[in-house]
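For reference, the structure discussed in these notes is given below.
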Amino acid sequence: MNQTLKKEIDTLVRLQQIELEMNRLRQEVEKVENQKKELAVRLTAFETALDADKLALEQLQQHCIDLEGEIQVVNDRIIKSNETLRMVKTNKEYQVLLREVDDNKKRKNSLEDHVLTLYEQREDAEVRVKESQAQFLQLKAQVQAEQAKIDEQTVGDKERLSELEQQQQSIGKSLDPALLNRFRRIAKMNQGQAVARVSNETCTGCFMNVPPQLCIEVQRGNQMISCPQCSRILYYMEE
Ligand SMILES: [Zn+2]
């Protein structure tokens, strides 16, 4: 058995284990990071709805203030007209002013009806905003707690990932660049798996039969043998 070859294949197997583990960890981290993002999106959606409710309330409040001002103006006009009424000399003037007072009273009544409806709407809106605000704060606390939990979960995975990355790099440097290229090329075609064990005359990478003669050569370990089906570098290990 060629000891250099054996060592190279051992190293490739180790590199493959590291990289498969890295992929698994990356997927795991990505999954939880996505959960974190989804939580943030939920919170933002709630906040947007709350902001819309707040804006509607502000508009109602302003509308009430405007109407109150208008009622005040009409009321002042009625008072002034009543005062003038006492001083008019002709019947005609009197009739005109009386009609003016009457018109303004009608206007005032209709404005007051309107503002009462708005007060009710404003009250409803105030309740809604208050409730939404409380719910928002509750959701925010909940989301932050869940995000913190997620961060805690991924800390371990991220540490392990950076350890593996270092091992991957140092193994990469120790390998012959041509061999590493070959490993990379085959791995790319096979979901990251470039080396496969032969077991029961079968390639454990693609589960196809390996011809007996080839199996013997793999077992002898004097040259690097690839699986005829999937091109993975084959190795032998005692069962
Ligand atoms: Zn194969």
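Residue numbers (the numbering used here): 485 to 723. Positions of the beta carbon are idealized from the N, C-alpha and C atoms, including for glycine.
Around ligand 1, the residues whose beta-carbon falls short of 7 Å from at least one of its heavy atoms are A680, C687, G689, C690, M692, C711, Q713, C714 and R716, given in chain order.
Y578 is not bridged by DSSP to any residue. DSSP places R681 in the uninterrupted beta strand (DSSP E) bounded by V679 to S683. Secondary structure in the region 627-715: the alpha helix (DSSP H) runs of 4 residues or longer, each lying completely within the stretch, are 661-673 and 696-704 in chain order.
A straight-line Cα-Cα distance of about 57 Å links A609 and Q675.
The region 582-597 makes contact with the region 554-573, as at least three CB pairs between them are under 8 Å. Going by C-alpha positions, D660 is about 48 Å away from V525. Shown here for Q637: same chain residues with a beta carbon closer than 8 Å to its own, the five before and five after excluded, namely V516 in chain order.
Only residues of its own chain outside the window of five on either side were considered, and among them L551, E554, I555 and V558 have a CB closer than 7 Å to the CB of L595, listed in chain order. Between the C-alpha atoms of A671 and Q501 there is a straight-line separation of about 12 Å. Taking C-alpha positions only, F691 is separated from Q713 by approximately 9 Å. For L527, the closest alpha carbon among the candidates A629, N486 and L489 is that of A629. Residue range Q487 to L569 is occupied by the alpha helix (DSSP H) that includes R526.
For V513 and I549, the gap between their C-alpha atoms comes out near 54 Å. Inter-residue distance for Y578 and V572 is about 6 Å (C-alpha atoms, whole angstroms). Closest option to H547, judged by alpha-carbon separation, among L582, R704 and L600: L600. With contacts defined as CB atoms closer than 8 Å, A662 and R716 fail to qualify as a contacting pair.
Between L534 and V627 the beta-carbon gap is near 14 Å, outside 8 Å, which marks them as no contact.
Taking C687 as the centre and dropping the five residues before and after it, the same chain places the C-beta of A680, V694, C711, Q713, C714, R716 and L718 closer than 7 Å to its C-beta, in chain order.
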